[in-house]
Amino acid sequence: MDTHMDLLTELHLLDKVPTLERLRAAQKRRAQQLKKWAQYEKEMQHKKRKHEKKRNVVCSKKVSFEASVALLEASLRNDIEEVCYLLNNDFSPDLCNEDGLTALHQCCIDNYEEIVTLLLSHGANANAKDNELWTPLHAAATCGHINLVKILIQHGADLLAVNADGNMPYDLCEDEPTLDVIETCMAYQDSGSLVSK
1 MDTHMDLLTE
11 LHLLDKVPTL
21 ERLRAAQKRR
31 AQQLKKWAQY
41 EKEMQHKKRK
51 HEKKRNVVCS
61 KKVSFEASVA
71 LLEASLRNDI
81 EEVCYLLNND
91 FSPDLCNEDG
101 LTALHQCCID
111 NYEEIVTLLL
121 SHGANANAKD
131 NELWTPLHAA
141 ATCGHINLVK
151 ILIQHGADLL
161 AVNADGNMPY
171 DLCEDEPTLD
181 VIETCMAYQD
191 SGSLVSK
């Protein structure tokens, strides 16, 4: 590639040359410029393709999460299809996070009845305990989710489970209709016949 000084020298020499020769020199110079430009473009296209290949390799790598994170996150979003997909692909319904919270706990807090039923039908433990010894029944009772309380009891939830603070689900429930269901079931628990209210 010519330097700036080379071009200035050539320009000075062309001032002394007849017009026809100047025109030929200009055409020659333009042909050289176009050739260099074409070469530059070719190099840039090669670099671009090379960069895109690297980028595609990086982009083709998938992010994956721990199974417990995937199941809890899908449950948190109330995404019944994804939860069903995960359970049908051998994800345990009892996977928990670092706090011991299971998808069943989370759905009992958020009142996601359809996912609660799905988790239980796939063998979720109705008596799973988190790090504070809360069961899904504690969560449903505290939130006053009467339908979930009934479902959990029908699936064998322990009415007498005690959390780390010494409270049973009954102690945490402030919703009267839900409290009535728990009291009735506790009264009939010894006789072996739970009433569906």
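Numbering follows the numbering used here, with no gaps: position 114 of the sequence shown is 114. The beta carbon of each residue, even a glycine, is placed where N, CA and C say it ideally should be.
- request: Go through its chain and collect everything with a Cβ distance to Ala164's Cβ below 6 Å, but skip five positions before and after it.
  value: Glu132 and Leu133
Three-way DSSP call (helix, strand, coil) for Cys173 in this model: coil
field: Beta-bridge partners of Ile96, as assigned by DSSP
entry: For clarity, residue 96 is Cys in the given sequence; the question names Ile instead. Bridge partners of Cys96: Thr102.
task: Would you identify the three-state DSSP class for Leu133, choosing helix, strand or coil?
output: coil
Euclidean distance between Cα positions of Gln106 and Leu72: 8 Å
task: Quick one: give me the first and last residue of the alpha helix (DSSP H) that His4 is part of.
output: His4 to Leu14
- request: With a threshold of 16 other CB atoms inside 10 Å of the CB of His12, please say whether the residue is buried or exposed.
  value: exposed
task: Check the C-beta distance from Ala128 over to Leu152 and give it rounded, since I have them as a contact under 8 Å.
output: That belief does not hold up - the Cβ atoms of Ala128 and Leu152 are roughly 11 Å apart, past 8 Å.
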